[in-house]
Amino acid sequence: MAPICNLSRTILKLSTILLTTALVITPALADLCTVQDAHVLFAASREWLDQQSLKTPFDAAAPDFSKGVALSPTFSTTAAGVVLRSNGRPVGQAWVKQNANSSMCLATALLKALQQASNDRVLGALPASLRANATQELALEIELVGDTRPFTGDRIDTLAARIDNAREAMAIRAGDQWAFSLPSLQQSQNQTRLPWYTMVVMAREVGVDAGADKKFQLPEGVVIYHAETRRMAQIAAKSPVFEVSRGMLTVPLSDITTHALEDMSIAIAAHLESRIRNPEGLSQEAINTLNALGPAGEYQPTLGMFTQQMCSPLEQGMSAFAMAKFSELHFLQKNKIAAREFAIFTLNSLQHVVGDEENPLDHPAAAAACVLACQSLDHSDATWANPETADWQKKLWATVSEHFQLQNYADVQTWALCAAAMAQDSPNEVSKALNTVWQIRPVEKLLSASPWLLLAEQRVGKASDHEKAKEAWNLLQIVILQHQLTQKFNPDLAADLVGGWPITANGVTGATADSSRPALALALAMNPELFGIPNANGVTMESLKLALRFLKQLQVDQAACYAFRDPFKSLGGIRVAPWDSSQPLGTNATTLLAILEARALFALDSESKQN
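Residue numbers (this note's numbering): 390 to 1000.
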């Protein structure tokens, strides 16, 4: 599937995030095989795979699961999928529909996937002795599909929006022709961003061109189905099997502790540091160009490559701010030094615009993020900037100040970032302007800007009595808490979405890394130094913990790396959504800011309990 630019993926976008009231519902499991049966079939599949050989010509026979495989009497599956991986790289994948009076579909899918692996060029280049036993080194993932349930409706785009993306299989039937799309196969290529496009492709597989007139209309008699699935995977061929949902383990709320937040912060910081490209072996001219480009943009773990070699100055500036903030806090000295070096490197790179890069001086929000980063670095060492950088900072300040003075409240998010950047040096002026902005109604207009408004309010300190901010925040907090996804109000909610906030993008409704912004707002507002709100055991603290649980869900851990080609580059990074493993720079920056603010809050809470 051709990559399509998804504007909503950039969490630092300047447009308003709409916290939709749509509920993300996962239907109760319908005739889905048990976890025990899935374990049994995985073990049998693994045993068969280990006994095969990739010799030429390929002459393997499908396994016979009717012998020696003890399944429950109620076992059934509608279809099955298999993905074989070599060091995280898919080398064979297949799906097969179960047909009456035929062998189990999983057996056929295994054979098809192995046959595909036998044609893999890398495996084919192995010496004969290694190639013969290569199957014993292939990691295995299987997916078993439950009963298919038909959708009512005949428009592909509206039906696609009802899919629980990357948790449910999709199927289409035209007469006796079927096509399936299984989450395991889709996620192996990170092709889950556009379910409607997947449906168009599936329709073509059964002879229906539903997208030709761009009306996405299905002919009469063509039916779209959805189904629950059970996925079992392993990190490596000799590793134990575990169940995954959307390619991840589900994070329990009990995991959210002060220590966990510290680990999350360190891991995100290390991930950001890996974005600085290795200049070894390059000419000085090439090194200068790389340094000017700054940290690499979006990383795609399933492909093992950066799909965005450069990113917006706003994302870079915000990553510098997050890392500069990290370097100020109580972490190991080596971690603080590394974060500080990243921030300085990124700010230096932003001073030199090359190729198609955009100049931060042309973008007030980016300039504001850079000012915030510079100020954080100044707190620990005001001599870090050379004369060239000091002159650049004056230009940044001029850009920020000019936009602040315009009072363009139509783009309140950019204005709020500028206010936060100016608050330290012009607290009285910023405080007065904030009092005006906090009175904007309906209060939902302030939603996407709320983290930066609260940051500005925090930074003006005693120059404000914070009363207008507190009034507006009390209303904003109601909106934020009402829209948060929880199983208390929606028992059928998928466990991995708990704590996030739903948005709709490209026809997909679900929680994404954009949830880092309301999480940051909650953490800022709960700091007793701002509004004097106690931070222990309240409804707001519970909401923040749920939000942090969701953000931890998005953080790539060792288990999630089973499907990734280079674990080192993806580990610790934040994926853009549960169904999308892409790791944008900006996503990681705002998530790090939210985690750092929450970590400070949790530390205060621990101190208050000890006292």
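Beta carbons are placed, not taken as given, at the ideal position from N, Cα and C, and that holds for glycine.
It is roughly 36 Å from the alpha-carbon of S837 to the alpha-carbon of N667. For P572, the enclosing alpha helix (DSSP H) begins and ends at 572-577. In the DSSP annotation of this structure, G927 is not part of any alpha helix (DSSP H), being labelled neither H nor E.
Scanning its chain for C-beta atoms nearer than 6 Å, with the 5 sequence neighbours on each side dropped, one finds around L638 the residues A948, in chain order. Inclusion of L500 and F454 in the CB contact set at 8 Å is not warranted, their separation being larger than that value. Listed as beta-bridge partners of P479 by DSSP are R474. Per DSSP, the continuous beta strand (DSSP E) segment holding A563 begins and ends at 557-563. In the DSSP assignment, R848 falls within the alpha helix (DSSP H) that extends over 839-849. Separation of A506 and D745 (C-alpha to C-alpha, rounded to the nearest whole angstrom) is 40 Å. In the same chain as L548, and ignoring 5 residues on each side of it, the C-beta atoms closer than 6 Å to its own belong to F540, G542, I613, in chain order. When DSSP states are grouped into helix, strand and coil, H615 belongs to the strand group.
Remark: three or more beta-carbon pairs, one from each stretch, lie closer than 8 Å, so the stretch 774-792 and the stretch 752-759 are flagged as touching.
Residue nearest to F605 within the set F957, Y586, H648 is Y586 (criterion: CA-CA distance). In this chain, the beta strand (DSSP E) harbouring P891 covers 891-894. Secondary structure of S634 (DSSP, three-state): strand. Per DSSP, the unbroken alpha helix (DSSP H) holding I676 starts and ends at 673-682. Looking at the DSSP output, Q944 shares a beta bridge with I963. Boundaries for T875: no beta strand (DSSP E) harbours it, and the DSSP string shows neither H nor E there.
Between the stretch 664-681 and the stretch 925-944 there are fewer than three C-beta pairs closer than 8 Å, too few to call the two in contact.
Non-local C-beta neighbours of D536 in its own chain, meaning closer than 7 Å and more than five positions away in sequence, comprise A419, D420, T467, A616, ordered along the chain. DSSP places D598 outside both helix and strand once states are collapsed to three, so it counts as coil. Beyond the five residues adjoining it in sequence on each side, P840 comes within less than 6 Å, by CB distance, of R906, L909, A910 in the same chain, given in chain order. Distances from the CA of H719 to each of T497, L960, A992, R510 were compared; the closest alpha carbon is that of A992. Residue burial annotation: E986 is buried, with at least 16 other C-beta atoms found within 10 angstroms of its C-beta. For A713 and A822, the gap between their C-alpha atoms comes out near 27 Å.
If you ignore the 5 residues before and after Q689, its C-beta comes within less than 8 Å of the C-beta of N579, F695, T696, S970, S971, Q972, all in its own chain and listed in chain order.
In this structure, S959 is the residue among S959, W890, R954 with its C-alpha nearest to the C-alpha of D946. Annotation for R435: L529 place their beta carbon closer than 7 Å to its own, counting only its chain and skipping 5 residues before and after.
Beta-bridge partners of D969 (DSSP): A966. Excluding sequence positions up to five before and after F447, its CB lies within less than 6 Å of the CB of Q504, S507, all in the same chain and listed in chain order. With a threshold of 16 other beta carbon atoms within 10 Å, K486 meets it and is buried. Check the Cα spacing between A450 and each of N677, A626, T497, F953: the tightest is with T497. Taken atom to atom, the span from the alpha-carbon of V472 to that of L571 is near 11 Å. Between the alpha carbons of S815 and F569 lies a gap of roughly 60 Å. With 16 or more other CB atoms across the displayed protein chains lying within 10 angstroms of its CB, N977 is buried. Here the alpha carbons of G481 and S492 stand approximately 20 Å from one another.
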